[in-house]
Structure formats: structure tokens, C-alpha cells
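Visitor: So the sequence shown is numbered by the numbering used here: it starts at 368 and just counts up by one. Glycine included, C-beta positions come from ideal geometry on N, C-alpha and C. Nothing here was measured: the structure is a model prediction, and the numbers come from that model. Below is a structure I'd like to ask you about.
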Amino acid sequence: MADYKGKKFIYPENVESSYGVFLGITLKELLVIILPISAIGVMLLALPPRNVWLMLVKFTLLILVLVVVVAFLASRPVASRKNIRYQTILKLKGAYAKRQKRFFIAEKKK
Numbered sequence: 368m369a370d371y372k373g374k375k376f377i378y379p380e381n382v383e384s385s386y387g388v389f390l391g392i393t394l395k396e397l398l399v400i401i402l403p404i405s406a407i408g409v410m411l412l413a414l415p416p417r418n419v420w421l422m423l424v425k426f427t428l429l430i431l432v433l434v435v436v437v438a439f440l441a442s443r444p445v446a447s448r449k450n451i452r453y454q455t456i457l458k459l460k461g462a463y464a465k466r467q468k469r470f471f472i473a474e475k476k477k
């Protein structure tokens, strides 16, 4: 480092503007996505009939749905980049698939 002249800039790679509350899930996602699913699940559990086995099935389905949603929100497909989420990759792939697919090719010179 003694022969280095000038200022050295360090740019962080994993900068994200949101604050992760639980497993990297932001507070907004927690309130907008997970809380309504949980509230609907609790309402479905409260609906009759109140048979023990039916309540167990309802509870199992609620837990399964919540686990799938949390797994989707918390997944990070690129291990070295913690700020890239699976939702972002799906949005980028969708935008890429919807782009204009018309390409202009120059005529061959004879």
C-alpha cells in the first residue's frame, strides 16, 4: 500500500435501503403480505364446524401457506449478493420477456 497514490474508494456490494425484521423480510412486507394472510387464516379457523380434525386440517393448511409465503419472501437466489431477492429476479425476467422483440438487421452487402 505504500506505493499507492490517491484516495481509495470502497463501494459496499450488499446495500439495501430497507430494514429486515425477520429473515430479511421487511416491515412493509410483514404488514402488507403476512399479516393479512394470518388474519384470514385465523378467521377461517374461527368458522364453524369446530370438529377437532377439521380444525387440525385448517391449521395445517394455514401453516403451510404461511411457510410458502415466508420462504418466497426470504429467498435469496444469489448467495454472494444478499440484496438480490427472488421477487426482483422474477420482475426482471417478466420485463425481459415483455420487451419489444423486433430487431433490425442490416442488409447483406453484395
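Counting C-beta neighbours from all protein chains within 10 Å, is the total for Glu383 16 or more, i.e. buried, or is it exposed?
Guide: Stepping through the sequence shown from its first residue, residue 383 is reached at position 16. Exposed, by the Cβ-count rule.
Visitor: Indicate, with yes or no, if the ligand PLP has a heavy atom lying under 7 Å from the CB of Val382.
Guide: Here there are no bound small molecules, and the ligand PLP is not part of this structure.
Visitor: According to DSSP, which residues form a beta bridge with Ile392?
Guide: The count along the sequence shown starts at 1 and reaches residue 392 at position 25. DSSP, once it has assigned bridges, lists Phe389 as partnering Ile392.
Visitor: Answer yes or no: do Val436 and Ile401 have a C-beta to C-beta separation smaller than 8 Å?
Guide: Stepping through the sequence shown from its first residue, residue 436 is reached at position 69. Stepping through the sequence shown from its first residue, residue 401 is reached at position 34. Yes; because the gap between Cβ atoms is below 8 Å, this pair is in contact.
Visitor: Look up Gln454 in the DSSP assignment and say whether it is helix, strand or coil.
Guide: Taking the sequence shown and counting its residues from 1, the one referred to as residue 454 is at position 87. If DSSP states are grouped into helix, strand and coil, Gln454 belongs with the helices.
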